[in-house]
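Number of protein chains: 2
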Amino acid sequence: MKELSEGLRQEGYRFTRQRRIILEEVRKQQYHPSAKEIYDAVKIRLPNISLGTVYRGLGVLTELGLIRKVEHGEYARFDANLAEHHHLICTDCDQLLDVDAPLSEPLNTQQFKARGFEVQRYKIELYGLCPTCATERS
Amino acid sequence: MKELSEGLRQEGYRFTRQRRIILEEVRKQQYHPSAKEIYDAVKIRLPNISLGTVYRGLGVLTELGLIRKVEHGEYARFDANLAEHHHLICTDCDQLLDVDAPLSEPLNTQQFKARGFEVQRYKIELYGLCPTCATERS
DNA sequence: GCCCTATTGGTAATAATTCCTATTACTGAT
DNA sequence: ATCAGTAATAGGAATTATTACCAATAGGGC
Ligand SMILES: [Mn+2]
Ligand SMILES: [Mn+2]
Ligand SMILES: [Zn+2]
Ligand SMILES: [Zn+2]
Numbered sequence: 001m002k003e004l005s006e007g008l009r010q011e012g013y014r015f016t017r018q019r020r021i022i023l024e025e026v027r028k029q030q031y032h033p034s035a036k037e038i039y040d041a042v043k044i045r046l047p048n049i050s051l052g053t054v055y056r057g058l059g060v061l062t063e064l065g066l067i068r069k070v071e072h073g074e075y076a077r078f079d080a081n082l083a084e085h086h087h088l089i090c091t092d093c094d095q096l097l098d099v100d101a102p103l104s105e106p107l108n109t110q111q112f113k114a115r116g117f118e119v120q121r122y123k124i125e126l127y128g129l130c131p132t133c134a135t136e137r138s
Numbered sequence: 139m140k141e142l143s144e145g146l147r148q149e150g151y152r153f154t155r156q157r158r159i160i161l162e163e164v165r166k167q168q169y170h171p172s173a174k175e176i177y178d179a180v181k182i183r184l185p186n187i188s189l190g191t192v193y194r195g196l197g198v199l200t201e202l203g204l205i206r207k208v209e210h211g212e213y214a215r216f217d218a219n220l221a222e223h224h225h226l227i228c229t230d231c232d233q234l235l236d237v238d239a240p241l242s243e244p245l246n247t248q249q250f251k252a253r254g255f256e257v258q259r260y261k262i263e264l265y266g267l268c269p270t271c272a273t274e275r276s
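This is the structure in structure tokens:
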């Protein structure tokens, strides 16, 4: 939690019990919890916490780079897995899964320079069958 | 418009004035209009059209593959440009722009097979500076 | 402990999208 | 062209994720 308290201080934020527990609960989740799901988990430990505080907390945690915000579908999801990885949305079961590996050949962002674009980063979303659904198909 | 009337019929949908004009107006837009912007444009020609009809129309047009739905940020945008292209979100001016070219090296989707994923398609979002903002920086 | 002020809890507001229903209007058959 | 069956529409209400507001609270530097 040192990275949290120091990260917060560095930006003039305060280290609150709420923010600490929000981070702990996001890290506990294997998958990609929504704000509401994190709220429900935190509420067990802090029964009086409000949904707004969770949204605000997730915002600063994202800003500090301690979690990732994954925008897909009708609501945002959050990800404590900071390793470089992409996401696959299963066209069969609709799950959002980690593809735990960077690209075998990283995207060449220089190719866009000829068109005047200065690409800083990119996001890849894969669509297809997750391992479970792929197996069921065969 | 033949592709529209036949496409609709093929799926058991009806060819309505509203759907025809919605498609025409999406095609008129250079950039990536929101449902509301399309509604405003269509409303000039069909003053009584309702927003719900525009949403429904955009839905079937997307389903028929006559337009693309671009989900990014707080609202969906629509795209009549069916050529294979990616999008760049400018980190300076926040615009969503076409990068009118496929990748010089298409993503090798087979590399994910080893992990059990059956990738059918993928979407790449680029973040960086658009040509205008890139020029202003130098 | 004291003070300053960032943060919180509770609640209202916002806004994109979907849902509901009586009425309208495509479309295939007569 | 008329008709009947039903998909689609207009208009409005409902839903829902997220943000805004504000009086009360609590970090943290002294
Ligand atoms: Mn992930
Ligand atoms: Mn485009
Ligand atoms: Zn699946
Ligand atoms: Zn720009």
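Sequence lines, in order, name chains A and B.
The first sequence maps to residues 1 to 138 in the numbering used here.
The second sequence maps to residues 139 to 276 in the numbering used here.
The C-beta atom is built at its ideal place from N, Cα and C for all residues, glycine as well.
Does R165/B get closer than 7 Å to chain A when you measure Cβ to Cβ? no
Keeping to the same chain, check which residues put their C-beta closer than 7 Å to that of P47/A; ignore five residues upstream and five downstream. none
Who are the neighbours of Q30/A on chain B, taking C-beta pairs under 8 Å? Simply none; closest approach about 16 Å.
First and last residue of the uninterrupted alpha helix (DSSP H) at A218/B: No alpha helix (DSSP H) contains A218/B, which DSSP labels as neither H nor E.
Closer than 8 Å is the cut-off here; do at least three beta carbon pairs connect the stretch 104-124 of chain A with the stretch 147-163 of chain B? no
When you compare only the Cα positions, how much space is there between E105/A and N246/B? 8 Å
Per-residue burial, L196/B [other beta carbons within 10 Å of its own, 16 or more giving buried]: buried
Taking Cβ to Cβ, would you say Q168/B is nearer than 7 Å to I187/B? no
Give me the Cβ distance between R165/B and A214/B, rounded to the nearest whole Å; I'm assuming they're in contact under 8 Å. That belief does not hold up - the Cβ atoms of R165/B and A214/B are roughly 17 Å apart, past 8 Å.
Chain-order list of residues whose beta-carbon lies under 6 Å from that of F15/A (same chain, five-residue window excluded): S5 and L8
Given 8 Å, three or more beta-carbon pairs between the stretch 85-98 of chain A and the stretch 230-238 of chain B: no
CA-CA distance, R137/A and E74/A? 28 Å
Rounded C-alpha distance that separates E162/B from L204/B: 11 Å
So that I know if they touch, is there some Cβ in chain A lying closer than 7 Å to that of R242/B? The question names Arg, but residue 242/B in the sequence shown is Ser. Chain A, which has a Cβ nearer than 7 Å to the Cβ of S242/B, makes this yes.
With hydrogens ignored, establish whether the beta-carbon of D230/B is closer than 6 Å to any heavy atom of ligand 4. yes
For L129/A, I'd like the list of residues in its chain whose CB is within less than 8 Å of its CB, leaving aside the five on either flank, ordered along the chain. C90, T91, D92 and R137
Should K71/A be labelled buried (16 or more other beta-carbon atoms within 10 Å of its own) or exposed? First, the amino acid is wrong: residue 71/A is Glu here, not Lys. By the 10 Å Cβ count, E71/A comes out exposed.
Is there a Cβ from chain B that is less than 7 Å from the Cβ of Q120/A? yes
Contact shell at 6 Å, judged by CB to any heavy atom of ligand 1, ordered along the chain: H32/A, D79/A, N81/A, H85/A, H87/A and D98/A
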